[in-house]
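In our numbering, the protein residues as written are 8 to 198.
Structure, rendered in C-alpha cells:
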C-alpha cells in the first residue's frame with residue numbers, strides 16, 4: 008500500500024532553485040532530491056512518534072516496514088513536479104501487543120487505547136520461515152491464513168491531524184534544508 012502527495016507549497020522555491028542551479032548539470036535534481044529525502048525522513052519520524060503513541064507497536068518496527076518514495080519530474084515547460092510519499096505492507100499481528108495466554112488462546116490489541124481481545128480460533132506458530140498469528144480457513148487442518156494489523160502507511164493516514172502535522176514538519180524541514188543543499192551543489196560538495 009502506498010500514498011503520495013504533491014507539494015504545491017514549494018513551487019516558488021523550485022523556480023528559485025532552477026534559476027540558481029541552471030548552469031549545474033542535474034543540480035536541481037540533486038539539491039531538491041537531497042532536501043526532499045531529508046525532509047521526508049523527518050516527516051516519517053514525526054509520523055512514527057504520533058502513530059506509536061496510538062498503536063501498540065514500536066517505532067523501530069514501523070520504520071523497518073515503511074519506505075520513502077521521492078519523485079522529481081521535469082515537464083516540457085521546464086517546470087518541476089515534486090511528489091513524495093510512503094509505501095509499506097501490512098504488519099503481522101504478532102508485531103503488535105500479542106500474547107499467548109495460559110488458557111491456550113491468543114490475546115492481542117492493536118490500539119493502545121483498547122483492551123486486549125481474545126482471538127478464539129487463532130494460534131501462534133512458525134510457518135514459512137517466520138512466527139505469526141494464524142487461523143484456519145475451514146474445518147480442515149489446512150489451509151491456514153495469517154492475521155495482520157494495519158500497515159504503517161494506513162496508520163499515518165488514518166487521522167487527518169497526523170498527516171497535517173507530518174506535512175507541516177516536512178515543509179518546515181524542506182525550507183531549511185534547500186538552502187544548505189543549494190550551497191552544497193554550488194560548492195561541489197558531496198559529489
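Every residue gets a Cβ at the ideal spot worked out from N, C-alpha and C, and that includes glycine.
As the structure is a computational prediction, the values presented were derived from the model and not from experiment.
Between the segment 113-124 and the segment 168-186, the count of Cβ pairs shorter than 8 Å is below three; the stretches do not touch. With respect to the C-alpha of residue 162, the residue from 144, 68, 20 having the closest C-alpha is 68. With respect to residue 93, residue 78 sits apart: the two C-beta atoms are not nearer than 7 Å.
Shown here, residue 57 sits in a helix according to DSSP, grouped into three states. Out of 30, 45, 54, 42, the CA that lies nearest to the CA of residue 173 is found in 54. For residue 67, the enclosing alpha helix (DSSP H) covers residues 66-71. DSSP places residue 76 in the uninterrupted beta strand (DSSP E) bounded by 74-81.
Out of 25, 48, 146, the CA that lies nearest to the CA of residue 38 is found in 25. For residue 142, the closest C-alpha among the options 158, 125, 183, 157 is that of 125.
Listed as beta-bridge partners of residue 161 by DSSP are no residues whatsoever.
For the pair residue 29 and residue 49, the Cα-to-Cα distance works out to about 28 Å.
Residues 131, 138, 139, 140 of the same chain have their beta carbon placed closer than 8 Å to that of residue 101, with the five preceding and five following residues left out of the count.
When only Cα atoms are considered, residue 56 and residue 41 end up about 23 Å apart. Going by beta carbons, residue 45 and residue 152 fall outside the 7 Å limit.
Following the DSSP letters along the chain, one finds residue 143 inside the beta strand (DSSP E) bounded by residues 137-143.
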